[in-house]
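Here the structure comes first, spelled out in structure tokens, and everything after it is commentary.
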Amino acid sequence: MKRVFTCFVLTLFFISCGNSQEIKSITTAELKEVLSNDKIQLLDVRTAVEIKDGAIETAIFVDFYSDNFTSDVLAQLNKSKPVYIYCRSGNRSMKASNILQEKGCKVINVLGGYNVWKQEN
């Protein structure tokens, strides 16, 4: 009986792992290259206070901490096109990427966020 239960648990684990797609990430240098060649959907998930310190010119702003984050983002983006997401350091953008991927968006997380972007530019 223990063997059957163990096999069942392992099967569920592997099935759940197989259903989740890994989030693609790029560096800020790669983002700069993409921005120079293409018009993209760029999402900044920082707070209004953080944005006062600067932002990437073409970004759409939606505060990750907003109660309406998901609905606000989905109202502004085209789900059929990739969404590049950044925050201050990369933590919130990864969380936002997971949320939006679950909603059917193709997401690309920007590693290091605006902190690295500002250092490089």
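Residue numbers for the sequence shown follow my numbering, so the first one is 55 and each next one is one higher.
The beta carbon of each residue, even a glycine, is placed where N, CA and C say it ideally should be.
Kindly provide the ranges of any beta strand (DSSP E) runs that are 3 or more residues long and lie completely inside the region 71–136, ordered along the chain. 78–80 and 95–98
In this structure, how does DSSP classify Phe67 when only helix, strand and coil are distinguished? In this predicted model, Phe67 has a pLDDT of only 44, less than 50, meaning its place in the structure is not dependable enough to derive any value.
If the criterion is Cβ atoms closer than 8 Å, does the pair Trp171 and Ile114 meet it? no
Residues bridged to Ile162 by DSSP? Note: Ile162 sits in a beta bridge opposite Lys78 and Tyr138.
Spatial neighbours of Asn163 in its chain, beta-carbon cut-off 6 Å, leaving aside the 5 residues before and after: Ile77, Ser79, Ile139, Ser147, Met148 and Ser151
Could you tell me which of Lys106, Gly108 and Ala102 sits nearest to Ser120, measuring between CA atoms? Ala102
Please identify the residue among Asp98, Asp92 and Lys93 whose C-alpha is closest to the C-alpha of Asp126. Asp98
Alpha helix (DSSP H) segment containing Gly167, residue limits: Gly167 to Glu174
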